[in-house]
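Heads up, the thing below is written out as structure tokens.
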Amino acid sequence: MVEARTPAIVLRTRTHGESDKIVTFMTRDWGKVTGIAKGAKRSHRRFVNALEPFAHVHVRFRPSQANELAFIFGCDLIQSFQAPSRDLQRFALASYTAELVDAMVIGGESGQEIYSLLFESLSVLEEDSLWTPLFLPAFEFLLLSHVGYAPNCTACHYCGVSLLERGGAATFSVSAGGLLCSHCRERGGATLVLSAETVQFLCRPQFGGLKALLATPVSPRACAEMRALAARLLNQHLPRPLKSLAFLSQAGIPLVSSIDGLQEE
Amino acid sequence: MHLTPALARLVQALGKLPGIGEKTATRLALHILNADRDYVESLAEAIWAVKAATTLCQECFGLAEGELCSICSDPQRSPEAICVVEEPADLMAVERTHDYRGQYHVLHGVLAPLDGIGPDELKIAPLLERLRRGRTKEVIIATNPTVEGEATALYLAKLIKPLGIRVSRIAHGIPMGGDVEYVDAVTLGRAIEGRREM
Chain A
765 MVEARTPAIV LRTRTHGESD KIVTFMTRDW GKVTGIAKGA KRSHRRFVNA
815 LEPFAHVHVR FRPSQANELA FIFGCDLIQS FQAPSRDLQR FALASYTAEL
865 VDAMVIGGES GQEIYSLLFE SLSVLEEDSL WTPLFLPAFE FLLLSHVGYA
915 PNCTACHYCG VSLLERGGAA TFSVSAGGLL CSHCRERGGA TLVLSAETVQ
965 FLCRPQFGGL KALLATPVSP RACAEMRALA ARLLNQHLPR PLKSLAFLSQ
1015 AGIPLVSSID GLQEE
Chain B
18 MHLTPALARL VQALGKLPGI GEKTATRLAL HILNADRDYV ESLAEAIWAV
68 KAATTLCQEC FGLAEGELCS ICSDPQRSPE AICVVEEPAD LMAVERTHDY
118 RGQYHVLHGV LAPLDGIGPD ELKIAPLLER LRRGRTKEVI IATNPTVEGE
168 ATALYLAKLI KPLGIRVSRI AHGIPMGGDV EYVDAVTLGR AIEGRREM
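In the order they appear, the protein sequences are chains A and B.
Numbering-wise, the first sequence is residues 765 to 1029 according to the working numbering.
Numbering-wise, the second sequence is residues 18 to 215 according to the working numbering.
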């Protein structure tokens, strides 16, 4: 019997039968893994405090064949992130990031990068000093990039000219799924206008990690534009609407501060 | 194993009960088969009655037979304290302590964004309605110490505090008769954080 061991973050758990739990992890070495933890509701030894959403754990499991559930032997807690239990907004944000990863990652692909991104995002939520309003769009862009859906932000989708050479400002075309320069914007159908600051931010190498991105000073307008852009890109690729978004609106928790004058055409 | 069709049907039905496997279900079915007719009829009637007669209390949403449950209709129970729990089973657990003489409110779940459960899916609005009547001085939040349970407690505290009502949370920590050496780090950390002066 093969036993895999890897660090992982718990994305979600649900009760199965009387005492079992079905748990989805984002693992470092095996990508997204969903498995059954037999007797998890009763066991105070094999799973103690380790099967809570957002827990950073070391999981031992037997990988599944095809679409079957993995069998989880045990889970040891590495770190329990406290912020989601102490702040409602951070709970909502952690839920959103976990659900987004669960929805965007199909199976075993992109394990390490997405695992690291999720770990970094929960660490940012944990520390007040690291938190900025850029958190959400930065997380969304990095996730899109890791799963291969990030648009080319350096050149016009149609003519290929460098956007920075054309003065920086650009529009995002929903139908084309890319950025258009000022000359090609008429061909784009429904678009979202992006300022030069936003385009400049998106043109920079995105792969310094979440904390490095959050250290970059960005105006509230650019932040809102990036959030709007990320939301449109995600809408194109998400297989279903996210449940956590409905919760955020019901609970009256703003995901991002709204900016007057965000231009849509 | 050879079973008559009626016996097989009973084994199958009993096997769906929590904690009952096929072997235990067969034992129970054979016990029922061999029992007095009066006992079997009374068992069947009790099962039917629990489903037919049980409703939710209009005040606290605990289990009741009629409009109000036995706790809400008891004049000896103080309306000044309301203990908020997730499920009726949690209410029964608190009642077993015999230490609490206030009333209850059952939420029927906790906030769980990943499952699409928000405030509108829980009995939060009727709780606020109760509190606005002005008799309550303290709300004790006794949701489970899980991430969702804690978030629900935070959400309720945010809504209740502006009403001028004291909000408290049940303590978390080491069980009676437990051993500090074997308590997990998270529980011990919470216990130290929630320590009290002697």
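Using N, Cα and C, we set each Cβ at its ideal position, and we do this for glycine too.
Thinking C-beta only, is residue j closer than 8 Å to residue i?
i: F883/A; j: A858/A; result: no
i: F965/A; j: A986/A; result: yes
i: V869/A; j: I842/A; result: no
i: L977/A; j: A856/A; result: no
i: C917/A; j: C948/A; result: no
i: A208/B; j: G190/B; result: yes
i: E989/A; j: S946/A; result: no
i: R826/A; j: E877/A; result: no
i: R118/B; j: R94/B; result: yes
i: A52/B; j: L27/B; result: no
i: L128/B; j: A168/B; result: yes
i: C86/B; j: C74/B; result: yes
i: G151/B; j: T160/B; result: no
i: M136/B; j: K1007/A; result: The amino acid occupying residue 136/B in the given sequence is Pro; Met does not appear at that position. In this structure, K1007/A does not lie closer than 8 Å to P136/B by Cβ.
i: T770/A; j: V823/A; result: yes
i: E890/A; j: Q853/A; result: no
i: E155/B; j: I134/B; result: no
i: L1012/A; j: Y913/A; result: no
i: A834/A; j: T798/A; result: yes
Taking DSSP as the reference, what is the three-state secondary structure of residue i?
i: S807/A; result: coil
i: F837/A; result: strand
i: L775/A; result: strand
i: T861/A; result: helix
i: G151/B; result: coil
i: C987/A; result: helix
i: P96/B; result: strand
i: L997/A; result: helix
i: A129/B; result: strand
i: K33/B; result: coil
i: S926/A; result: strand
i: H122/B; result: strand
i: H48/B; result: helix
i: S849/A; result: helix
i: F818/A; result: coil
i: D866/A; result: helix
i: R26/B; result: helix
i: R824/A; result: strand
i: I1023/A; result: With a pLDDT of 41 at I1023/A, under the threshold of 50, the modelled position of this residue cannot be trusted, and the question is left open.
i: D55/B; result: helix
i: A829/A; result: Ala is not the amino acid found at residue 829/A; the sequence shown has Gln there. In this structure, Q829/A counts as coil in the three-state DSSP scheme.
i: M215/B; result: coil
i: L20/B; result: coil
i: D793/A; result: coil
i: L978/A; result: helix
i: R949/A; result: helix
i: L956/A; result: strand
i: C1008/A; result: A quick correction: the sequence has Ser, not Cys, at residue 1008/A. Helix, per DSSP.
i: K785/A; result: strand
i: S937/A; result: strand
Just confirm the distance between the C-beta atoms of residue i and residue j, as a whole number of angstroms; I'd bet it's less than 8 Å.
i: A772/A; j: T791/A; result: 4 Å
i: P897/A; j: L997/A; result: Contact doesn't hold; Cβ gap of about 19 Å is too wide.
i: Q1000/A; j: G941/A; result: 6 Å
i: G932/A; j: V911/A; result: Incorrect: roughly 27 Å between the Cβ atoms, too far for contact.
i: D10/B; j: V812/A; result: Here chain B comprises residues numbered 18 to 215, so residue 10/B is not present and cannot be evaluated.
i: R186/B; j: E76/B; result: No, R186/B and E76/B are not in contact; Cβ-Cβ is about 23 Å, not under 8 Å.
i: A907/A; j: C967/A; result: Before going on, a small fix: residue 907/A reads as Leu here, not Ala. Incorrect: roughly 19 Å between the Cβ atoms, too far for contact.
i: A994/A; j: F905/A; result: 6 Å
i: L775/A; j: D866/A; result: 5 Å
What in chain A is Cβ-close to residue i, meaning under 8 Å?
i: A106/B; result: Ordered by position in chain A, no residue passes the 8 Å Cβ test against A106/B, which lies about 13 Å from the chain.
List, in order along the chain, the chain B residues whose C-beta lies closer than 7 Å to that of residue i?
i: E891/A; result: Within chain B, no residue comes near E891/A; the closest Cβ sits about 17 Å away, beyond 7 Å.
i: S844/A; result: V203
i: A1010/A; result: G133, G135
i: V812/A; result: D201
i: R776/A; result: L131
Using a Cβ cut-off of 8 Å, pull out every chain B residue sitting near residue i, in sequence order please.
i: K1007/A; result: P130, L131, D132, G133
i: A862/A; result: L131
i: F818/A; result: V164
Residues of chain A with a CB under 9 Å from the CB of residue i: which are they?
i: K33/B; result: In chain order: nothing, as chain A lies at least about 11 Å away.
i: E167/B; result: P848, S849, R850, F855
i: G36/B; result: E782, S783
Closer than 7 Å by beta-carbon distance: list the chain A residues that pair up with residue i, in chain order.
i: Y56/B; result: Result: empty, since nearest Cβ-Cβ is about 27 Å, beyond 7 Å.
What in chain B is Cβ-close to residue i, meaning under 9 Å?
i: L841/A; result: D201, A202, V203
Does the Cβ of residue i lie closer than 7 Å to at least one heavy atom of the ligand ZN?
i: N813/A; result: Absent from the structure shown: the ligand ZN. Ligands present: none.
Could you pull out every unbroken beta strand (DSSP E) segment of at least 3 residues lying fully inside the region 57-85 of chain B, listed in chain order?
none
At what residue ranges does the region 136-205 of chain B contain a whole run of the beta strand (DSSP E), taking only runs of 3 or more?
155-158, 183-186
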